[in-house]
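Chemist: For any residue, its number in the numbering used here is found by taking its place in the sequence shown, counting from 1, and adding 1. No residue lacks a Cβ here, since even glycine has one placed at the ideal position from N, Cα and C.
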Amino acid sequence: MNRYKFLASNTVLFFISSFSSKFLVFLLMPIYTAVLTPAENSDVSLMIQTANLLIPLVSLGISNSIIRFGLDDKYSKKTVFTTGVLTLGAGYLILLCFFPLLNHFDFINKYIWFLYLYLLMSCSRTLVQQFVRAKTYTKLYAFDGILATVNTLILVCLFLLKFKMGAIGYICAVIGADFLSVVFLTAISSAYRYFDLSSISKAVAKEMLSYCLPLIPASIFWWITNVSDRYMVAYFVGQTENGIYDISYKLPSLVNLFATIFTEAWQISAVKESGEKHTKRFFSNVFKAYQSVVFIGGAGIILLCKPLIMLLADKTYFDAWQYVPVLILSTIFSCFATFLSSIYMVEKRGGLNLITMMAGAVANIILNLLLIPKMGAQGAAIATCASYILVFILRAINTKRFINVNISPMQMTVNVLLMSSMSFIMIKDIKNYSIYCLIITILIMIFNIRPLIVFAKQLLKSLKKKKGKH
Numbered sequence: 002m003n004r005y006k007f008l009a010s011n012t013v014l015f016f017i018s019s020f021s022s023k024f025l026v027f028l029l030m031p032i033y034t035a036v037l038t039p040a041e042n043s044d045v046s047l048m049i050q051t052a053n054l055l056i057p058l059v060s061l062g063i064s065n066s067i068i069r070f071g072l073d074d075k076y077s078k079k080t081v082f083t084t085g086v087l088t089l090g091a092g093y094l095i096l097l098c099f100f101p102l103l104n105h106f107d108f109i110n111k112y113i114w115f116l117y118l119y120l121l122m123s124c125s126r127t128l129v130q131q132f133v134r135a136k137t138y139t140k141l142y143a144f145d146g147i148l149a150t151v152n153t154l155i156l157v158c159l160f161l162l163k164f165k166m167g168a169i170g171y172i173c174a175v176i177g178a179d180f181l182s183v184v185f186l187t188a189i190s191s192a193y194r195y196f197d198l199s200s201i202s203k204a205v206a207k208e209m210l211s212y213c214l215p216l217i218p219a220s221i222f223w224w225i226t227n228v229s230d231r232y233m234v235a236y237f238v239g240q241t242e243n244g245i246y247d248i249s250y251k252l253p254s255l256v257n258l259f260a261t262i263f264t265e266a267w268q269i270s271a272v273k274e275s276g277e278k279h280t281k282r283f284f285s286n287v288f289k290a291y292q293s294v295v296f297i298g299g300a301g302i303i304l305l306c307k308p309l310i311m312l313l314a315d316k317t318y319f320d321a322w323q324y325v326p327v328l329i330l331s332t333i334f335s336c337f338a339t340f341l342s343s344i345y346m347v348e349k350r351g352g353l354n355l356i357t358m359m360a361g362a363v364a365n366i367i368l369n370l371l372l373i374p375k376m377g378a379q380g381a382a383i384a385t386c387a388s389y390i391l392v393f394i395l396r397a398i399n400t401k402r403f404i405n406v407n408i409s410p411m412q413m414t415v416n417v418l419l420m421s422s423m424s425f426i427m428i429k430d431i432k433n434y435s436i437y438c439l440i441i442t443i444l445i446m447i448f449n450i451r452p453l454i455v456f457a458k459q460l461l462k463s464l465k466k467k468k469g470k471h
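Laid out in structure tokens, this is it:
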């Protein structure tokens, strides 16, 4: 299959899978907010956040190696999958040793066994999902996303509405849906046939761990860059302002949703195309089109941020719009940094991923401490934006020695200047701002249309070739 068609078809399939899970959030919100008390809802949220922090530690980040090494034909699928299962098992046994420590935290001690089950099912599902992706069973992966959404919805209704199990019921519903997903994917993909202790290779296991272990602190640093500003806003400015600032993150998450979907598809193409002829040109063409989509989407959200905030949140949170423009810019550069991290994945350079993310996290903390006391939540947004720009620049420089991707600096500079002007006009609430912002949005669309046309032509060419063969 043509490389452009392969990437486009995978992106569509991953969109189907991811959109269903994101849509689930809106389906469940009326249910659990009607049934759970605020205290119970807080307990669930804290437990899940704790689990999200523990997941890379428990799994030792082995899922990253499953997708990277599983896509590489040089490695046996049995060796990769078996190594992944054993590594996860070892990490989970180590976690059990920390039971007395975790049991001391008041917000999770009453759900401690559910936390352990949640971690086991979540890590297991991720591992099997990554193996399915490594086998390029993208249709199965997409269908599992839809099936898991339906299962979660049914179980939530059953445990919360019928059995009135409260917070424990909600947690059990998520655990149950993950369990069913693990069984379904393992059975349909025949993943169980790839678990073979005789296939274990110390050399491959060492290589896989060398790749994934540096990604554990990288994940933590990424978490710091994304979350630390909210803790500091709460500390320096207050909980009320932090609540408003938190709502402003909802709109940039729309850009992140697209980026996450694309990244899942792109990682497969990046590994498959590594070492092939015209790799540099392929990476560059995709990045140009990706950049265009992200800038156009970001400009559209900035233009509509006020009405969107009014539509999605109570009027108490309306002031959240003023942080959206800067956070959109930070999200855009986060997307670009994630794209370039695929080169580290191709080259198995987890250490460089860690170093660049650590630089961003350190910069974020320093800038938060400097800007938040003076500028409030807007200082936090600026700090986050500057941190992701730093990470992107570092990766743009040091990935050139592996794959010299043309990041189109002129295109990017013009886009950033246009969006910065648009953000300034919005935040300063200049008279007739909507007209100026609409004009700038149109300019951004016109300026970025050419890379999209080039990509579309490549895709159409591949479709014509396939039709001609038939």
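#1: Inspect the CB distances between the region 230 to 237 and the region 77 to 95 and report whether three or more fall short of 8 angstroms.
#2: Where does T1 sit, in a helix, a strand or coil, going by DSSP?
#3: Judging by CA-CA distance, which residue of T339, T83, S331 is the nearest neighbour of S199?
#4: Given that a residue counts as buried once 16 or more other Cβ atoms are within 10 Å of its Cβ, and exposed if not, what is M427?
#5: Taking only the alpha-carbon atoms, compute the straight-line gap between L162 and Y112 and give it to the nearest angstrom.
#6: C386 and L305 - do their beta-carbons sit closer together than 9 angstroms?
#7: For I408, which three-state DSSP category applies?
#8: Tell me the rounded alpha-carbon separation between G377 and V238.
#9: Among P326, I297, D320, S409, which residue has its Cα nearest to the Cα of F288?
#10: For T226, which option in M411, I172, G361, P452 has the closest C-alpha, if you only look at C-alpha atoms?
#11: At 3 residues or longer, what runs of the beta strand (DSSP E) sit wholly inside the region 107 to 184?
#12: Give the straight-line distance between the Cα atoms of Y195 and T153, rounded to the nearest whole angstrom.
#13: Quick test of your reading: M423 and A300, contact by CB under 8 angstroms. State the CB separation rounded to the nearest angstrom.
#14: Please determine, among D197, K281, T332, the residue with the shortest C-alpha to C-alpha distance to P253.
#15: Tell me the DSSP secondary structure of F1 in three-state form.
#16: Taking the alpha helix (DSSP H) that P474 belongs to, which residues open and close that run?
#17: So, under 8 angstroms CB-CB, A178 and L116 are touching, yes? Tell me the CB distance rounded to an integer number of Å.
#18: Within the same chain, show all residues whose beta-carbon is closer than 6 angstroms to that of A219, passing over the 5 residues directly before and after it, in chain order.
#19: Between which two residues does the alpha helix (DSSP H) harbouring I431 extend?
#20: Got a sec? Which residues, its chain only, sit under 6 angstroms from K251 by beta carbon, not counting five neighbours each side?
Modeler: Once the coordinates are examined:
#1: The region 230 to 237, when compared against the region 77 to 95, does not touch it at the 8 angstroms Cβ threshold.
#2: Nothing about residue 1 can be reported from this structure: the residues present for the chain run from 2 to 471 only.
#3: The option with the nearest alpha carbon to S199 is T83.
#4: Buried, because 16 or more other Cβ atoms sit within 10 Å of the Cβ of M427.
#5: C-alpha separation (whole angstroms): 20 angstroms.
#6: It is not a contact, given that the beta carbons lie outside the stated cut-off.
#7: Of the three classes helix, strand and coil, the one that applies to I408 here is coil, per DSSP.
#8: Cα-Cα distance, rounded: 6 angstroms.
#9: Of the candidates P326, I297, D320, S409, S409 places its Cα closest to the Cα of F288.
#10: Among M411, I172, G361, P452, the Cα nearest to that of T226 belongs to G361.
#11: Here no run is fully enclosed.
#12: The straight-line gap separating the alpha-carbon atoms of Y195 and T153 is approximately 28 angstroms.
#13: Right, their Cβ atoms sit about 7 angstroms apart.
#14: Ranked by how close their Cα comes to the Cα of P253, the residues D197, K281, T332 have T332 in first place.
#15: Residue 1 is absent from the structure shown; the chain starts at 2 and stops at 471.
#16: Residue 474 cannot be examined here, being either before or after the span of the chain that is shown, 2 to 471.
#17: Not confirmed; about 16 angstroms, so no contact.
#18: Its chain contains N354, L355, M358 as the residues whose beta carbon lies nearer than 6 angstroms to that of A219, once the 5 sequence neighbours on both sides are disregarded; these appear in chain order.
#19: No alpha helix (DSSP H) holds I431; DSSP gives it neither H nor E.
#20: There are no such residues.
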